[in-house]
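Q:
Protein chains in written order, with my numbering: chain R, -8 to 719; chain F, 59 to 120.
#1: Quick one: does residue 718/R have its CB under 8 Å from some CB of chain F?
#2: Got a sec, what are the start and stop residues for the alpha helix (DSSP H) residue 106/F sits in?
#3: As a quick exercise: from 481/R, 611/R and 111/R, pick the residue whose alpha carbon is nearest that of residue 199/R.
#4: Quick check on residue 624/R: does DSSP put it in helix, strand or coil?
#5: Here's a check: name, in chain order, each residue in its chain whose Cβ is nearer than 6 Å to the Cβ of residue 720/R, leaving out the five neighbours to either side.
#6: Apply the 10 Å Cβ neighbour rule to residue 308/R and answer buried if 16 or more other Cβ atoms are within range, or exposed otherwise.
#7: Checking contacts by CB at 8 Å: is residue 120/F closer than that to chain R?
#8: Flag this pair as yes or no: are the beta carbons of residue 362/R and residue 145/R separated by less than 8 Å?
#9: Determine, using beta carbons only, whether residue 238/R and residue 197/R come nearer to each other than 8 Å.
#10: Measure from the C-beta of residue 61/F to each C-beta in chain R and report whether the shortest distance is under 8 Å.
#11: Using a Cβ cut-off of 9 Å, pull out every chain B residue sitting near residue 552/R, in sequence order please.
#12: Start and end of the alpha helix (DSSP H) containing residue 90/R?
#13: What residue does the alpha helix (DSSP H) around residue 470/R start on, and which one ends it?
#14: Flag this pair as yes or no: are the beta carbons of residue 104/R and residue 435/R separated by less than 8 Å?
#15: Near residue 457/R, what residues of its chain come up, given a Cβ to Cβ distance below 6 Å and the 5 sequence neighbours on each side ignored?
#16: Where does residue 720/R fall in DSSP's three states?
#17: How is residue 357/R classed by DSSP in three states: helix, strand or coil?
#18: Could you spell out the range, first to last residue, of the alpha helix (DSSP H) harbouring residue 330/R?
#19: For residue 147/R, is the classification buried or exposed, using 16 other Cβ atoms within 10 angstroms of its Cβ as the cut-off for buried?
#20: For the segment 135 to 188 of chain R, list the alpha helix (DSSP H) runs that are entirely contained and at least 4 residues long, ordered along the chain.
#21: Considering only DSSP beta bridges, list what residue 70/R is partnered with.
#22: Quick one: using the 10 Å Cβ neighbour count with 16 as the cut-off for buried, is residue 320/R buried or exposed?
#23: With 8 Å set as the bound, which would you pick, yes or no: does the beta-carbon of residue 74/F sit closer than that to a beta-carbon of chain R?
#24: Does the Cβ of residue 18/R have 16 or more other Cβ atoms within 10 Å, making it buried, or fewer, making it exposed?
#25: From residue 367/R to residue 352/R, what distance separates their C-alpha atoms?
#26: Just checking: is the beta-carbon of residue 113/F within a distance shorter than 8 Å of some beta-carbon in chain R?
#27: On the three-state DSSP scale, how would you describe residue 19/R?
#28: List, in chain order, every chain R residue whose beta-carbon is nearer than 8 Å to that of residue 97/F.
#29: May I ask you to report which of helix, strand or coil DSSP gives residue 10/R?
#30: Taking the alpha-carbon positions, what's the residue 244/R to residue 193/R distance?
#31: Do residue 582/R and residue 654/R have their C-beta atoms within less than 8 Å of each other?
#32: In the structure shown, what three-state DSSP assignment does residue 36/R receive?
#33: Which of helix, strand or coil does DSSP assign to residue 264/R?
#34: Since residue 446/R is in the alpha helix (DSSP H), which residue starts that stretch and which ends it?
#35: Taking the alpha carbon of residue 559/R as the reference point, which residue from 603/R, 112/R, 165/R and 6/R has its own alpha carbon closest?
#36: Residue 305/R and residue 401/R - do their beta-carbons sit closer together than 8 Å?
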């Protein structure tokens, strides 16, 4: 059997032509970074950020990811992957590398990389740009790729299983609890983003609401009318979706405006009911068709945004670094640049949640080991590019409008006049008329205190698209962008609730076997109800928080996601030690060290800080003391709200401390393993022993001429095998 | 020029078919042909695949 690639590829010399090419890329990158570092004041084009990112990604992919693949991990294309060995056409399935890249990217990309950078823009565009690019290269993409590789070498085991088997039972249990509780927070915060985007927006409610019947229709079509025709039903679905967005403009004329103007609490109720029903309905009915739509929208908008930015060439309105970054008194979320910019931008630079996907379905579908590079590392670079686009979209908005949208209602007062006055206290000027006109331009009643990132991003996208593709459609683009975000947040809520339910059933099933039976309705319904109740409660807390739900919960979300990353990176470090590769431990090690410094500082500040804006327990004691004396503290307006603040900050503080303790438990149980493995030069692991591969496939994204020929010969030989009746 | 365009369209079609899982049916038919087995109906085939999705939810990230 011919094998196309060999590890010798690493030693292949670069041709002079390639050297010149990569030299040019390096020069473009250096020029862009220099401009960004030196330019202050007016008229910095957003394209500098875009091209700094692209050239940095290209160099990191070409050199660093190659080094990790061939030296650190030692990918071996003569070794059969689980997809080849265990091929069953269902979960273990040899998949073309480019197709699997699409699958993996659709699973990791969501609202996180869009929302985080938008909020972090309160500190200026520069800190976010640097962290998104440097973070992805040295931390996020490394984590995704290394976890994917190790899971692939273990037949696609999950993160929790690997921690239990390779580190220990205590660490495994801590990791399991961490994964479950972090998922609850993520679902609550994502749902909060949707609530804030849809509250008092009849147009938004109308079009998002219509996605449910559209998805149901698609599900019915695929089940009964024309089974399996996914492409045609997605095309129909997308047309209906666009009609639903256009139709939203006419809610006023249809007399539906009042009925569809929902309060945040009504939306909470609607989401909780939706989440529960969606997670117990059969997958084919709602989840699967919704997933097709949201994937299509996701890819479509991302491509459109990249093209739009290049055509529109917008100028950055935000400062490079704002005073909030240095003083820590920003209205969007509290805290200084260090550590809070690093936890606010979670998903675009480093996201622990990806470790769950890299140890889920993807490793079972890889056809050649070297593909972990383009799928793990390359997939995360693409996600980072989405984050950069979101950061740009938020930075091209007039800063008065940006802060009016993103400051909590307790600060802005909710009216244009009060908001304009508040913006004045931040050192910016905007008139009430400007604020009203901005809302009018996208056919919303107000934009003030529409926190959560989605309205800001949608507003930024509508500015970019209007400039790039011609005017008159700002309102359409705004609601198009809201639809795009809400659609995949709802898919994430639905899928996340389902995954949480399975985890819960599986865990309880260890004690009570029957409960693990996923087709037993009492178990699946009650487990769904518990998961929905947990995130529903956190969502309710967020929506009714007088201090501001996003202001309080988003840091918690960011920290928990980064703590999950710490657990995943700890596993990577442990496995390199155990495989006798101590000299390469620094690769995930630098990411882990930085992640721990950031998350532990942030956790410490959120729990123990004496600054009432940051520390949860300090807030608790200040509000409690005032309440005891019968005093009100702003932004609380009633004694009930005072009590509410006290309850909320207690819950937030306890959760924050719990996440940090769980992570430290995993690390503490890993350190003895590191020491033992380092001393003995390696330890046995649960890796599946090598079996030779018979499959022929190109090693990298672009196939060489030699590889193409080998693949053709291989396919011919397979066909001959089948024809002569000696089929395996 | 035209051959390039045709090639590109074919490539996109192939990619979409693979990504949406529609290609699974074609592969199944080919397998049946090679093994000389009568294929089941498309409806049953897709039901079988949906059944599997029911038990293996895939998380969607943030």
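Ideal Cβ placement from N, Cα and C applies to all residues, glycine included.
A: In short:
#1: Unreliable positioning characterises residue 718/R in this predicted model, as indicated by a pLDDT of 45, which lies under 50. The coordinate reading is nonetheless provided below. For residue 718/R, the answer is yes, since a Cβ of chain F falls inside 8 Å of its Cβ.
#2: 100 to 113 is the extent of the alpha helix (DSSP H) around residue 106/F.
#3: Measuring C-alpha to C-alpha distances from residue 199/R to each of 481/R, 611/R and 111/R identifies 481/R as the nearest.
#4: Reduced to three states, the DSSP call for residue 624/R is coil.
#5: Only positions -8 to 719 of chain R appear in the structure, and residue 720/R is not among them; the question remains open.
#6: Buried, since its Cβ has 16 or more Cβ neighbours within 10 Å.
#7: Yes, because at least one Cβ of chain R sits closer than 8 Å to the Cβ of residue 120/F.
#8: When the beta-carbon positions are compared, residue 362/R and residue 145/R stay at least 8 Å from each other.
#9: By the CB criterion at 8 Å, residue 238/R and residue 197/R fall inside the cutoff.
#10: Residue 61/F has a beta carbon lying at 8 Å or more from every beta carbon in chain R.
#11: Absent from the structure: chain B. Protein chains present are R and F.
#12: For residue 90/R, the enclosing alpha helix (DSSP H) begins and ends at 88 to 99.
#13: Residues 465 to 500.
#14: The answer is no: Cβ separation not under 8 Å.
#15: Within the same chain, residue 457/R has close Cβ partners 465.
#16: In the structure displayed, chain R extends from -8 to 719; residue 720/R sits before or after that span and is not available.
#17: Correct three-state label for residue 357/R: strand.
#18: Residue 330/R -> alpha helix (DSSP H) spans 328 to 335.
#19: It counts as buried.
#20: As far as the segment 135 to 188 of chain R is concerned, its whole alpha helix (DSSP H) runs of at least 4 residues are 150 to 157.
#21: Paired residue(s): 683/R.
#22: A residue is called buried once 16 or more other Cβ atoms fall within 10 Å of its Cβ, and residue 320/R, having fewer, is exposed.
#23: Yes, residue 74/F lies at the interface with chain R (some Cβ there is under 8 Å from its Cβ).
#24: Classification for residue 18/R: exposed.
#25: Using only the alpha carbons, I get a separation of about 13 Å.
#26: It does; some Cβ of chain R falls within 8 Å.
#27: Residue 19/R: helix per DSSP, three-state reduction.
#28: Chain-order list of chain R residues neighbouring residue 97/F: empty, with the shortest C-beta distance near 13 Å, by a criterion of under 8 Å.
#29: Reduced to three states, the DSSP call for residue 10/R is helix.
#30: Looking at the two C-alpha atoms, the distance is approximately 12 Å.
#31: Between residue 582/R and residue 654/R, the gap from beta carbon to beta carbon reaches 8 Å or more.
#32: The answer is strand: DSSP assigns residue 36/R an E or B state.
#33: DSSP, read as helix, strand or coil, puts residue 264/R in helix.
#34: Run containing residue 446/R: 445 to 460, per the alpha helix (DSSP H) assignment.
#35: It is 165/R whose Cα lies nearest to the Cα of residue 559/R.
#36: Residue 305/R sits away from residue 401/R, with the two beta carbons spaced by 8 Å or more.
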